[in-house]
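To keep things clear, I will list the structure first and then write my remarks on it.
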Amino acid sequence: MADRATGLTALARLGFTALGEADARLEELATVLDLPRPLLTDGAGVAADPDGAVDGMLRVARRDADAVRAVLADEARARSAWALFGASRGFADFYLRHPDELSRLPAPGAPLPTADELRDQLQEAVGAVDGFAADGSEESWVALRVRYRRMLASIAVHDLLADDPVAALKDVAAALADAAGAALEASLSVARTRLSTTLAMFPQADVAATAFAIIGMGKCGARELNYVSDVDVIFVGGPSDDSIAEARAVDVATRLAVQTMAGISGIETEPALWDVDANLRPEGKQGALVRTLESHLSYYDRWAHSWEFQALLKARYIAGDAELGERYVDAVRERVWSSAARENFVDSVQHMRERVTEHIPPDEVPLQIKLGPGGIRDIEFTVQLLQLVHGLSDDAVRVRGTLDALDALVAEGYIGRADTAVFDRDYRLLRVLEHRVQLRELRRTHLMPDRPEELRVLARASRLADTGDGVWELWEQVKREVRDIHVRLFYRPLLSAVAALPEEERALSPEQALDRLSAIGFTDPAGALRHIGALTTGISRKVVIQRHLMPVMLRWFADGVDPDYGLLAFRRISERLGDTPWFLRMLRDSSGAAESLTRVLSGSRYIGELMEWIPESVAWLDDDATLRPRSAAALAQEARAIHTRHTSVASAARAVRGLRRRELLRTAMAAVLGVVTLEELATSLTDITDVTLRTLLEIVYRDVVPEADRALEFAIIAMGRYGGAELGFGSDADVLFVQRAGGLDPERAQAHARAIVAGLREHSEDNRTPLELDADLRPEGRNGPLVRSLDAYREYYRRWSLSWEAQALLRARPVAGSPSLLDDFMSLADDVRYPAQVDETGLREIRRIKARVESERLPQGAAPERHLKLGPGGLSDVEWLVQLLQLEHAARLPALRTTSTLGGMDAAVDAGLVPEAAADRLRQAWRLASRLRSAHTLLSGRTSDVLPADRRDLDGIGRLLEFPPRSATAVEEAWMRASRRARRVFEKLFYG
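Plus 8 on top of the position in the sequence shown (first one is 1) and you've got the numbering used here.
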């Protein structure tokens, strides 16, 4: 009993699971073969399913013990037998039908049969001479199928016992494709004999005079076939000489095709090998089975769909008339590689992949190795689309095989090394899994097993995992990896853009480049050509990728406002980033990053100049989430870290200016790309300015005020559009400075305060993105002290305050400094700006000042109707109207107590002070003026309140505001119309 237990334990270690049954079967096998039992089990460890292997061997041994004994007595070939029987019940059934074939089983380490060896073996099986088999009966078909499976077994043994099945995949798949071609060639030999002799349908001379070629498609054409898969083919026929008419030759060829297919997949005593699928032929199942070469080409030129050219990418002559087959392949090659230029080609390929997925039965989706999301088809479709698009102009990627294509695509820079490595590894893994599940029963399947015992066998057969759970987890991981890369690459906008390029723009030659650059919109084509040369000359991977990107990016630059500047800025950014690996990889692989980059660079000098200094900002284009303005809290946290980290005032201030510059760039890019609304833009610019001033005040205060004098309180009050949180690009920051001595000598406190203001101005100065701290709205304007104490403000407002100063305080908002001082100042401001008694004289004075401002403050020579701020219907009209209503009614209507122009307008509408229709016109003009000002700054990098008259500038502003190209007149008319309407409403409501 103990010996039996020990024996069962040994069986378990070898991988047996049904130990009792396995023990009994091994005993019976040893008896039938008259071989010692230990000799039988020596090779069992290599069997994926040792129980199944013993069962299969025993079934064969019961029929022919000598055949099984001969192979198991040979230690080397016994290992092959265990591997094959343990992986494939289908092969066990084959050897049960033909036990004598076991003698042909190769020993481990035997090389894969070559294409010539396979062809010779199968021709020998049917006794073929000069293309005609010795016998045209069904026995020849049986002999062909038996010999094919003999050769298939030798391929399987090599595969199952390879040191690394994943590495061996490519050679194994090629051998399987060669075997399929050899089988078709042998079946064609039988077909010729059947037609001319057995069936006597045609004279042998007619059959011999008929040129008939079989073109392998799909995996067979690419030499990456499965063990059991449909073999896709196209048949080409015609006369080989003048001895037979074309129609007669096509008739003969059609009969040859039918008989050849029957020899492979018809019902016989030996089961079919696989289905021969000719449905990729012109017109599919409805089309003629065989056509002449000329008929094929006529169809492809006139009627073929995009998917047909994608299929033809794999076309390869595999059997029949070699000269005709190669002529066919040569003739369709150029049509294949120009097909991506067809209208909507990329979309059609993408939609086809989606349809394939949609047609999978729902219960099979989680198990589909081939067709499901993250499966083999995702890799193949991605690679083929990349090939077809870039193969328009690059011969290097015009290869058939998936793995060869991946090598070519990465070598030419069309796909990143990391993605290629994952695709290559995962494609091989998926194909190994597919091969093993097909070997199991020698039948066509692409489904992962879901039973634990079958998963365990798959894990052992593939050697990809130790357990069934392990192989399933690997499969799930591979699916996730493949799907992620597929979605990123297969749907990248760059593919559609490359495919849509006119033929003359796919390659840039010096002879044509100047004319083409000028024709598509570059004003300095010679300069553009120099930039292109700098970007695309050399052999580095960066240069290779830029060379591929350049034709598409040039077209995108040309679609922008200033393509010359856009290209120059791109060159500078590229040079600044050097060989940074993520930069060009992102432009090539990201969903729209390259197009977005060309859009911001050709549309905004403000952005281009900042990106040259902050080139890493290109990475934000990969994700709209990173373009969205950061919250005030996040900015404040970073600013505090800066303050803590830096010991010197200069370095800390420099870091704060860097933060501001970076966030202004982020907001500008978001604005140009339509990621933020006008309100979000204003909020972001205000938050950036708030955080900048708060941090700089903390830095300067600690530097300027001695520790003994730090009872001094200091605060900054936002005014104007800054106070209303309505900043645009290029807006000044209107502010008031206030101090409270806190027990210090007043003159000493005032001296410290003046030093703080000087420090703020010094350290906020930034030539790249100026921050003008404008204190002109202080009491007495430019004639008054730059900073006052709170008591001085209180005394001034009590005794001397003018109506315009109360009006200015309507936009006052606390920003930085002592919280208690900020609160006290705002309390003082409320008393002044929201008086309990309305000062009618003051209101009349405000109306008078408004009229004077319009006539006196407009720049000399400026057309009033083009001035966005002071002109009729401009910003000041809307803002002054709201402020007048606030001075008049805010004391009794708390909703009017807001620093926001639009917020005040909404409150006025709710209170019945402004009709909704009138408010809508005022809002439209105010919003449009604000957008036009910011757009002008973004476009030119300069601040201006005047709508430009230059048509190119107007068109550029229009593009930023999402007008269509060449909309200079439309932009101008939109402003004139909005301002006229707003002015009429303003005059009625403001002047009465």
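For each residue, glycine too, the CB sits at the ideal point set by N, CA and C.
What you are looking at is a predicted structure, and each value in this text was computed from that prediction instead of being measured.
Close-in-space but distant-in-sequence residues of the same chain around residue i (CB under 8 Å, 5 per side omitted)
i: Y573; result: L609, S610, R613, G616
i: L3; result: Outside the displayed span of the chain (9 to 1000) sits residue 3, for which this structure offers no information.
i: A176; result: H166, D167, A170
i: V418; result: G424, R425, T428
Collapsed DSSP secondary structure at residue i in the structure displayed
i: S692; result: helix
i: V440; result: helix
i: Q891; result: helix
i: L516; result: Confidence at L516 is low in this model, with a pLDDT of 49, below 50, so its placement is unreliable and no value can be given for it.
i: E624; result: helix
i: Y730; result: helix
i: D523; result: helix
i: D285; result: strand
i: Y422; result: coil
i: M9; result: Any reading at M9 needs caution, since the residue's pLDDT is 39, under 50, leaving its predicted position unreliable; the model's value is listed next. Coil at M9, not helix or strand.
i: Q249; result: Reading off the sequence, residue 249 comes out as Asp, not Gln. Three-state DSSP puts D249 in coil, outside helix and strand.
i: Q845; result: coil
i: V683; result: coil
i: V713; result: coil
i: V569; result: coil
i: V79; result: helix
i: V239; result: strand
i: G60; result: helix
i: A473; result: coil
i: H313; result: coil
i: R865; result: coil
From the options, residue whose alpha carbon lies closest to that of residue i
i: F833; options: R806, I725, N791; result: I725
i: V180; options: V495, T909, R444; result: R444
i: A230; options: S987, Q318, V198, L522; result: Q318
i: L437; options: V174, V258, G728, I368; result: V174
i: D958; options: V569, V495, P778; result: V569
i: H304; options: F102, R289, Q294, K293; result: R289
i: N234; options: A182, P902, R821, M619; result: A182
i: L672; options: V699, A661, R471; result: V699
i: R638; options: V657, L689, R665, L681; result: L689
i: A640; options: A733, I581, T588, R710; result: A733
i: A642; options: H654, D631, R668, E624; result: R668
i: R821; options: L16, L37, R729, R718; result: R729
Bridge partners - residue i, DSSP secondary structure assignment
i: I707; result: I707 is not bridged to any residue.
i: V954; result: H875
i: V244; result: A221, R299
i: G825; result: A723
i: S948; result: Partner(s): none; S948 has no beta bridge.
i: A327; result: I222
i: R796; result: V746
i: D782; result: D742
i: V137; result: F140
i: Q376; result: L455
Contacting residues, own chain, Cβ-Cβ under 7 Å from residue i (five flanking each side not counted)
i: E254; result: G246, P247, T300
i: E995; result: none
i: E372; result: L455
i: L19; result: L27, A30, D31
i: V150; result: E276, T277, E278
i: G295; result: R289
i: L43; result: R77, L80, A81
Whole-number beta carbon distance between residue j and residue i, since they are thought to touch under 8 Å
i: L829; j: A741; result: So it is not a contact: roughly 19 Å between Cβ atoms.
i: L264; j: A199; result: 5 Å
i: G223; j: G333; result: The identity of residue 223 in the sequence shown is Ile, whereas the question assumes Gly. Between G333 and I223 the Cβ distance is about 6 Å, and since that is below 8 Å, they are a contact.
i: V364; j: R385; result: 6 Å
i: A577; j: M619; result: 7 Å
Sequence-distant residues of its chain with Cβ nearer than 6 Å to residue i (five each side left out)
i: L516; result: Low per-residue confidence applies at L516: pLDDT is 49, beneath 50, and the placement is therefore not dependable, though the value from the model is reported in the following sentence. Around L516: no qualifying Cβ.
i: A927; result: M913, V917
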